[in-house]
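To convert, note that position 120 of the sequence shown is 150 in my numbering; the numbers rise steadily by one, no gaps. Let me begin by presenting the structure, written as structure tokens, before commenting on it.
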Amino acid sequence: MSVLVVGTVAYDTITTPNTTKKNILGGSGTFFSIACSKFSKVSLIAVVGKNFNQNDTNILHENKIDLSGFKTIQGETFKWSGEYYGEDLKERKTIETQLNVLSNFNPILSEKHKKSKYLFLANMSPETQLDVLNQFDNRPNLVVMDTMNFWIENNYLSLIKMINQTDVLLVDSGESQQITGEKDIKDAGKKLLQLGPSIAIIKQGGLGSTMFHKEFTFSIPAYPVSKIVDPTGAGDSFAGGFLGYISRNDSNYSEDVLKKALKAGTILGSFAVEYFSVSKLTNINLDEINSRIKNL
Numbered sequence: 031m032s033v034l035v036v037g038t039v040a041y042d043t044i045t046t047p048n049t050t051k052k053n054i055l056g057g058s059g060t061f062f063s064i065a066c067s068k069f070s071k072v073s074l075i076a077v078v079g080k081n082f083n084q085n086d087t088n089i090l091h092e093n094k095i096d097l098s099g100f101k102t103i104q105g106e107t108f109k110w111s112g113e114y115y116g117e118d119l120k121e122r123k124t125i126e127t128q129l130n131v132l133s134n135f136n137p138i139l140s141e142k143h144k145k146s147k148y149l150f151l152a153n154m155s156p157e158t159q160l161d162v163l164n165q166f167d168n169r170p171n172l173v174v175m176d177t178m179n180f181w182i183e184n185n186y187l188s189l190i191k192m193i194n195q196t197d198v199l200l201v202d203s204g205e206s207q208q209i210t211g212e213k214d215i216k217d218a219g220k221k222l223l224q225l226g227p228s229i230a231i232i233k234q235g236g237l238g239s240t241m242f243h244k245e246f247t248f249s250i251p252a253y254p255v256s257k258i259v260d261p262t263g264a265g266d267s268f269a270g271g272f273l274g275y276i277s278r279n280d281s282n283y284s285e286d287v288l289k290k291a292l293k294a295g296t297i298l299g300s301f302a303v304e305y306f307s308v309s310k311l312t313n314i315n316l317d318e319i320n321s322r323i324k325n326l
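Here it is, written out as structure tokens:
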């Protein structure tokens with residue numbers, strides 16, 4: 031079944047202790063879509079500026095992503111610059127954010143998009159996320175959302191309202207603590223479920239991730255990669271692998287499928303960090319993904 035993602039397509043400038051890569055393809059919608067496409071059909075709703083390179087559009091096409099909701103408008107494409115440092119590049123500092131065309135991004139769903147059974151609301155304002163969800167005549171089978179500390183700090187009430195409307199909430203350990211006030215992962219997970227979602231997934235970077243469900247809790251380690259080159263797309267690739275796997279097993283939300291989906295997300299995230307931008311993701315196949323899943 032088809033997955034719909036509403037997210038960003040961006041040009042990133044990434045600095046690590048060894049190198050700097052300027053204006054490389056990034057964005058939540060980009061990483062999610064390419065990761066998800068390994069398992070499922072996926073449609074991307076996003077906006078870019080007139081400076082967006084045709085070669086980058088081709089990358090999305092080559093990964094069989096439906097771009098009927100992908101718009102080019104007057105202005106510059108969203109840009110983000112960041113620096114990673116510390117052990118395994120765990121520390122991140124934002125250098126600059128240029129919203130550009132994203133400043134006026136108001137996603138409008140076509141009739142085709144409204145029929146999507148699976149929806150990923152990437153990191154954006156909770157008001158925008160809720161507006162997208164409200165455009166559906168019939169609620170998708172599964173709604174998955176991501177967020178970040180900025181929205182927790184500045185749009186908390188709207189965020190709580192959106193969390194109440196979602197099925198699966200994806201956060202990292204810092205965000206879970208900000209939302210719930212709980213340092214302990216288990217306590218935070220329980221409180222997140224009380225806010226409305228059926229599932230809360232707390233990502234802990236190199237420590238792996240934990241899925242909280244009203245009937246079970248499941249933790250898995252991170253997949254050990256030989257070298258982390260660029261962590262930028264790890265979280266969105268995780269989400270793409272997770273929801274893509276679920277949509278491949280349509281309407282089956284059994285404990286077994288959910289656990290395997292968590293593994294699939296972990297593995298897609300592990301591939302994403304092995305090189306800059308989407309270079310690694312675009313060059314892997316299902317056999318390579320399944321091989322890592324079996325070894326996790």
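Glycine included, each C-beta is placed from N, C-alpha and C at the ideal position.
- Message: In this structure, how does DSSP classify D176 when only helix, strand and coil are distinguished?
- Response: It is a strand residue.
- Message: I'd like to know if the segment 286–306 and the segment 250–266 are in contact, where contact means that at least 3 CB-CB pairs between them fall below 8 Å.
- Response: Segments in contact, yes.
- Using DSSP with H/G/I as helix, E/B as strand and the rest coil, what is F166? In this structure, F166 counts as coil in the three-state DSSP scheme.
- Query: For A4, does the three-state DSSP call read helix, strand or coil?
  - Reply: This structure gives no information on residue 4, because the portion of the chain shown stretches from 31 to 326.
- Message: So, does the segment 98–113 touch the segment 36–46, judging by three or more C-beta pairs under 8 Å?
- Response: Verdict: yes, contact present.
- How long is the line joining the alpha carbons of Q234 and A294, rounded to whole angstroms? Answer to the nearest angstrom: the Cα atoms are 16 Å apart.
- Give every residue of the same chain whose Cβ lies closer than 6 Å to the Cβ of K29, excluding the five residues on either side of it in the sequence, and list them in chain order. Nothing in the structure corresponds to residue 29, since the chain is present only between 31 and 326.
- Looking only at C-alpha atoms, which of M241, I314, T312 sits nearest to E285? If you compare the alpha carbons of M241, I314, T312 with that of E285, the shortest gap goes to M241.
- So F62 is in the alpha helix (DSSP H); what residue range does that whole segment cover? Counting along the chain, the alpha helix (DSSP H) containing F62 begins and ends at 58–66.
- Is R278 buried or exposed, if buried means 16 or more other CB atoms sit within 10 Å of its CB? Counting the other CB atoms within 10 Å of its CB gives R278 a total of 16 or more, which places it among the buried residues.
- Message: I'd like the ranges of any alpha helix (DSSP H) spanning at least 4 consecutive residues and lying wholly in the segment 254–312.
- Response: Counting whole runs of 4 or more residues, the segment 254–312 contains the alpha helix (DSSP H) stretches 264–278, 285–302.
- Task: Would you kindly report the start and end of the unbroken beta strand (DSSP E) that includes H243?
- Result: Taken as a continuous stretch (DSSP letters only), the beta strand (DSSP E) holding H243 covers 239–243.
- Message: At the level of alpha carbons, what is the spacing between V287 and E245?
- Response: Those two C-alpha atoms are separated by around 14 Å.
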